[in-house]
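> After the structure tokens below, expect a handful of questions from me.
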Amino acid sequence: MSFLQQQVTEALRSVDDPELGVNIVDLGLVRSITIDGDAVTVIMMVTTPTCPLGTFLSDSARTAVEGRLGPTFAVTIILDKKAVWSPDLAVPEVRARFQKQPSFVASALKKGVSRLLARA
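Counting in our numbering, the sequence shown runs from -8 upward without gaps.
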């Protein structure tokens, strides 16, 4: 992994999925990072195709990467809503958390949706 890819990855680790409280890299939402000169493209997914936080997550990811790399880089975040996420994509520590608490994902999603509805 190049130095720039490491910097992008570390920036993305600062972005947590607010429903699950896990960063998007460890959760397995980042599908790819491509760097071509000063152009950075990140393809990511959400935990469900209808996730109401998709735009929030992609905007947060772009802001984090731009903040880490500076204004000379053009950062594009592509949200692949057709990609299917599963806990198997997460790092082992996060997978273990899901296995120990099978209702963890459901309760976290329920809390997140409740918070969103309360703001509406």
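Where a beta carbon is used, it is the ideal one built from N, C-alpha and C, also for glycine.
Please say whether Asp71 and Arg22 have beta carbons closer to each other than 8 Å?
Sequence index remark: in the sequence shown, residue 22 carries index 31 (1-based). Sequence index remark: in the sequence shown, residue 71 carries index 80 (1-based). Yes, the Cβ-Cβ distance between Arg22 and Asp71 is below 8 Å.
> Considering just the uninterrupted stretch of the alpha helix (DSSP H) at Ser49, what are its terminal residues?
Taking the sequence shown and counting its residues from 1, the one referred to as residue 49 is at position 58. Taken as a continuous stretch (DSSP letters only), the alpha helix (DSSP H) holding Ser49 covers 45 to 60.
> Any idea what DSSP makes of Ala65, helix, strand or coil?
Residue 65 sits at position 74 when you count from the first residue of the sequence shown. DSSP places Ala65 in strand when its eight states are reduced to three.
> Quick check: Gln(-3) and Ile26, are their CB atoms within less than 8 Å of each other?
Position 6 of the sequence shown, counted from the start, is the residue given in the question as residue -3. Position 35 of the sequence shown, counted from the start, is the residue given in the question as residue 26. It is not a contact, given that the beta carbons lie outside the stated cut-off.
> Less than 8 Å between the beta carbons of Trp76 and Thr32, yes or no?
Against the sequence shown, residue 76 aligns to sequence position 85. Against the sequence shown, residue 32 aligns to sequence position 41. No.
> Could you tell me which residues DSSP puts in a beta bridge with Ala30?
Here residue 30 refers to the residue found at position 39 when the sequence shown is read from its first residue. According to DSSP, Ala30 bridges with Asp27, Ala65.
> Hey, how far is the Cα of Val6 from the Cα of Val13?
By one-based count along the sequence shown, residue 6 stands at place 15. By one-based count along the sequence shown, residue 13 stands at place 22. Cα to Cα, Val6 sits roughly 8 Å from Val13.
> Use the C-beta contact count for Gly45: other C-beta atoms within 10 angstroms, 16 or more gives buried, fewer gives exposed.
Taking the first residue of the sequence shown as 1, we reach residue 45 at position 54. Label assigned to Gly45: buried.
> Just mark Ser(-7) as buried or exposed, buried being the case when its beta carbon has 16 or more other beta carbons within 10 Å.
As a first step, residue -7 is located in the sequence shown; it is residue number 2 there, counting from the start. With fewer than 16 Cβ atoms within 10 Å of its Cβ, Ser(-7) is classed as exposed.
> In terms of alpha-carbon separation, which member of Glu84, Phe89, Gly19, Val66 lies closest to Met35?
In the sequence shown, residue 35 corresponds to position 44, counting from 1. Considering only alpha carbons, the answer is Gly19.
> Whole angstroms is fine: what's the gap from Ala65's alpha carbon to Glu57's?
Within the sequence shown, the letter at position 74 stands for residue 65. Within the sequence shown, the letter at position 66 stands for residue 57. Between Ala65 and Glu57, the C-alpha separation is close to 8 Å.
> Are there any heavy atoms of the ligand SAH lying less than 7 Å away from the beta-carbon of Ile69, as far as the coordinates show?
Annotation note on the ligand SAH: not contained in the displayed structure, which lists no ligands.
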